[in-house]
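Residue numbers (UniProt numbering): 1 to 334.
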């Protein structure tokens with residue numbers, strides 16, 4: 001029986017060795033061939049993923065596309081923006097309540113629509129009471145039971161929190177659930193750090209034989225300083241749109257107003273983004289190392305020119321530091 005127990009340490013090392021090897025065959029790149037494009041959108045918390053997606057999905061529906069928007073962020077703010085601030089029941093909380101009542105979850109319990117967009121939230125556990133990544137996995141398992149693979153949509157847009165690096169949040173990349181990834185970032189180090197991490201995850205799974213690629217970068221709150229554009233050029237991905245840092249956009253977002261519509265002055269911007277998202281091919285990014293990422297910014301702003309000073313044993317002991325008795329043998333002159 002002992003022989004049947006897998007050696008997980010060897011398995012883990014084998015995966016690491018495989019990931020370190022350059023692939024012998026390049027994964028073909030091009031436009032997705034499946035009718036339904038499943039696109040995962042990643043970005044730092046608070047960077048504007050939900051704002052971007054709510055308005056993008058609304059504009060795509062106006063353009064005649066069938067769109068399903070799935071919020072995969074525990075904050076559940078994607079659908080709140082789409083539904084004018086109204087929070088819809090999440091799949092996880094609804095599933096739990098229905099299970100207690102001995103009932104089955106129906107699509108009308110978790111999926112709602114506005115302006116031609118169908119939307120739902122996976123949700124997440126209460127603070128300190130569960131794993132957000134596991135909640136994501138459970139949510140997709142339930143979607144499959146509800147018939148996810150038989151649904152008729154042109155686009156399925158997934159809103160993922162990029163700060164969290166566990167397996168649940170990396171599901172679309174790790175399991176080829178999406179054809180491509182879109183990054184949302186701004187001209188700041190932290191959001192570009194998250195975007196670069198997602199590029200690293202895409203590259204890792206491409207080396208393992210995966211097919212997911214990065215379609216491009218959406219720059220939100222663009223102040224014109226240029227770091228995000230420099231990042232996109234450095235990792236070899238296109239900029240799909242640059243949403244300006246504008247007080248009108250900030251106020252409308254805070255008031256749950258949709259600007260991704262032909263009736264808005266911002267409609268043209270989101271119309272162009274909708275078209276770009278549809279045709280952008282999934283490409284293989286070239287993620288930066290830490291020094292390369294810091295190099296996009298002025299050293300005086302990031303501390304990139306600081307030189308590390310090693311600590312000593314005496315530093316660590318502080319007031320408890322005492323001279324060590326030497327064990328060296330000293331011989332008198334003969």
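Just so you know, even glycine gets a beta-carbon here, dropped at the ideal spot from N, CA and C.
DSSP bridge partner residues for residue i (one or two, in chain order)
i	result
residue 216	182
residue 156	38, 68
residue 161	43
residue 222	244
residue 117	67, 114
residue 239	217
residue 283	214
Rounded Cβ spacing between residue i and residue j (contact assumed at less than 8 angstroms)
i	j	result
residue 76	residue 87	6 angstroms
residue 53	residue 78	6 angstroms
residue 92	residue 123	4 angstroms
residue 217	residue 198	With 8 angstroms as the limit, residue 217 and residue 198 do not qualify as a contact, their Cβ atoms being about 10 angstroms apart.
Residue i to residue j span [Cα, whole Å]
i	j	result
residue 142	residue 299	48 angstroms
residue 172	residue 101	31 angstroms
residue 235	residue 288	7 angstroms
residue 324	residue 310	20 angstroms
residue 66	residue 278	12 angstroms
residue 220	residue 60	19 angstroms
residue 291	residue 189	12 angstroms
residue 258	residue 268	13 angstroms
residue 149	residue 137	16 angstroms
residue 244	residue 295	24 angstroms
residue 262	residue 58	10 angstroms
residue 264	residue 271	11 angstroms
residue 116	residue 41	20 angstroms
residue 145	residue 139	10 angstroms
residue 161	residue 114	23 angstroms
residue 256	residue 51	9 angstroms
residue 306	residue 252	41 angstroms
residue 328	residue 293	48 angstroms
residue 232	residue 273	16 angstroms
residue 237	residue 312	44 angstroms
residue 37	residue 275	13 angstroms
residue 266	residue 135	35 angstroms
residue 208	residue 316	43 angstroms
Nonlocal neighbours in the same chain, by C-beta distance under 8 angstroms from residue i, ignoring five residues either side
i	result
residue 112	79, 83, 88, 118, 119, 120
residue 39	155, 156, 157, 158, 178, 179, 180, 181, 182, 215, 277
residue 318	none
residue 98	104, 105, 109
residue 409	Any property of residue 409 remains undetermined from this structure, which presents the chain solely from 1 to 334.
residue 222	186, 187, 228, 242, 243, 244, 245
residue 314	321
residue 203	284, 285, 286, 287
residue 163	44, 45, 194
Nonlocal neighbours in the same chain, by C-beta distance under 7 angstroms from residue i, ignoring five residues either side
i	result
residue 47	184, 185, 186, 191, 220
residue 49	41, 43, 159, 184
residue 200	287
residue 170	201
residue 90	76, 121, 122, 123
residue 85	256
residue 230	296
Margin query: Check whether the stretch 187-194 and the stretch 103-110 are in contact - that is, three or more C-beta pairs closer than 8 angstroms.
Written below: No, they do not touch.
Check: Quick check: the stretch 175-194 against the stretch 212-220, are there 3 or more CB pairs under 8 angstroms?
Finding: yes
Next item on the list: Check whether the stretch 224-232 touches the stretch 247-254, counting contact only when three or more Cβ pairs, one atom from each stretch, lie closer than 8 angstroms.
Entry: no
Check: Between the stretch 67-74 and the stretch 143-154, do three or more beta carbon pairs fall short of 8 angstroms?
Finding: yes
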